[in-house]
Amino acid sequence: TAGLMLTNPSTLGVFERRIAEIARIVHEAGGLLYYDGANLNAILGKVRPGDMGFDVIHMNLHKTFSTPHGGGGPGAGPVAAGERLQAFLPVPMVACERGEYRWLTERDRPQSIGPMSAFAGNAGILLRAYVYARMLGRSGMERVAEYSVLNANYLLARLRAAGFEPAYPGRRATHEFIITLRCEAKESGMRAIDLAKRLLDYGFHAPTTYFPLLVPECLLIEPTETESRETLDAFAEAMMHIRDEAQESPERVRGAPYSLPVRRLDDVRAAREPDLVWRRPPRPAPVPAPAANQGE
Numbered sequence: 603t604a605g606l607m608l609t610n611p612s613t614l615g616v617f618e619r620r621i622a623e624i625a626r627i628v629h630e631a632g633g634l635l636y637y638d639g640a641n642l643n644a645i646l647g648k649v650r651p652g653d654m655g656f657d658v659i660h661m662n663l664h665k666t667f668s669t670p671h672g673g674g675g676p677g678a679g680p681v682a683a684g685e686r687l688q689a690f691l692p693v694p695m696v697a698c699e700r701g702e703y704r705w706l707t708e709r710d711r712p713q714s715i716g717p718m719s720a721f722a723g724n725a726g727i728l729l730r731a732y733v734y735a736r737m738l739g740r741s742g743m744e745r746v747a748e749y750s751v752l753n754a755n756y757l758l759a760r761l762r763a764a765g766f767e768p769a770y771p772g773r774r775a776t777h778e779f780i781i782t783l784r785c786e787a788k789e790s791g792m793r794a795i796d797l798a799k800r801l802l803d804y805g806f807h808a809p810t811t812y813f814p815l816l817v818p819e820c821l822l823i824e825p826t827e828t829e830s831r832e833t834l835d836a837f838a839e840a841m842m843h844i845r846d847e848a849q850e851s852p853e854r855v856r857g858a859p860y861s862l863p864v865r866r867l868d869d870v871r872a873a874r875e876p877d878l879v880w881r882r883p884p885r886p887a888p889v890p891a892p893a894a895n896q897g898e
């Protein structure tokens, strides 16, 4: 058994209550438990993944620590490990011993996997995330989790009161939640992709659609900790207006968006006929010179 990779909270927007039992089962089988930090916003400063039984974690800096996604280079995801894996971490690394910092080499860590290749354009991303974390401090990180969860549950309550169907009505949301449009799809023909495209006309980036796959016609909505109540209310109003519009003029919703230069891409054709080579566009035809004025 190699191990198991999980997010907690899960992509379903709920906290996995039996995580300690899962960790015990994996460890008893000799495996490792790997934490995907994609949903770290919900527990930042509140829960340590190591206390849940995870052996190794990667942090998605673009999701939790303010960085651009890649920033001109590959995405950056620092990896942290528990005691079980520390001896194998790459060197050189910085360690603090008796209050002083020094470099550890392969002589200090003979089981290390050795040096890794150089950074590929994302070293600045790590520095930016570090500065952001230092500026937040411990209390600031806790507020990130508090506001993430508060905003998600406020928006969920507004949409539920308006008649949208939560995928898991019996569970409190963490930093994100899922609604399903299966009823709307049957009644008006409005699918998740239609609502998502129409939201673009209202100035909102569409939520993730059709993920996770086990919820039909789903929208995965993650307002994040930085949105104001006014923005959340405006989003909820847009959702309600689009649903009403689908009852009155379903074809208009299914044809959205209307305000963008690119409307709906042919995803099927893009998958079956990928064009991965850039071609220089043809030069425009030269404009003929105006005829000389014979009267001059």
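The sequence shown: position 30 = 632 (my numbering), numbered continuously. No residue lacks a Cβ here, since even glycine has one placed at the ideal position from N, Cα and C.
In angstroms with no decimal places, state the Cα-to-Cα distance between residue i and residue j.
| i | j | result |
| --- | --- | --- |
| Phe690 | Leu642 | 25 angstroms |
| Met718 | Met695 | 11 angstroms |
| Glu847 | Ala840 | 10 angstroms |
| Cys698 | Arg762 | 51 angstroms |
| Glu748 | Ile645 | 8 angstroms |
| Thr810 | Glu778 | 11 angstroms |
| Asp710 | Thr782 | 54 angstroms |
| Arg856 | Ile624 | 43 angstroms |
| Thr613 | Gly772 | 16 angstroms |
| Arg740 | Gly647 | 7 angstroms |
Determine whether the beta carbon atoms of residue i and residue j lie at a separation below 8 angstroms.
| i | j | result |
| --- | --- | --- |
| Gly655 | Leu687 | no |
| Val817 | Ile780 | yes |
| Ala858 | Asp803 | yes |
| Gly684 | Met661 | no |
| Ser714 | Val681 | no |
| Phe806 | Ala731 | no |
| Ala787 | Tyr812 | no |
| Gly632 | Leu606 | no |
| Ile844 | Arg784 | no |
| Met842 | Ala764 | yes |
State buried or exposed for residue i, treating a residue as buried only when at least 16 other CB atoms are found within 10 Å of its CB.
| i | result |
| --- | --- |
| Ser558 | Since the first residue of the chain shown is 603 and the last is 898, residue 558 is not available in this structure. |
| Asp657 | buried |
| Gly701 | exposed |
| Asp796 | buried |
| His671 | exposed |
| Lys820 | Here residue 820 is Cys; the residue named in the question, Lys, does not match the sequence. Label assigned to Cys820: buried. |
| Tyr860 | exposed |
| Glu853 | exposed |
| Met792 | buried |
| Thr707 | exposed |
Of the choices the options, whose alpha-carbon is the least far from that of residue i?
| i | options | result |
| --- | --- | --- |
| Leu758 | Asn724, Arg730, Met792 and Asp835 | Asp835 |
| Thr828 | His843, Gly739 and Lys665 | Lys665 |
| Arg774 | Ala754, Met792, Cys785 and Glu786 | Ala754 |
| Leu729 | Gly765, Leu663 and Asn610 | Leu663 |
| Pro651 | Thr669, Phe617 and Leu783 | Phe617 |
| Ala678 | Ile727, Arg704, Tyr637 and Tyr703 | Ile727 |
| Thr776 | Arg881, Thr826 and Arg740 | Thr826 |
| Ala604 | Arg871, His629, Arg620 and Tyr734 | His629 |
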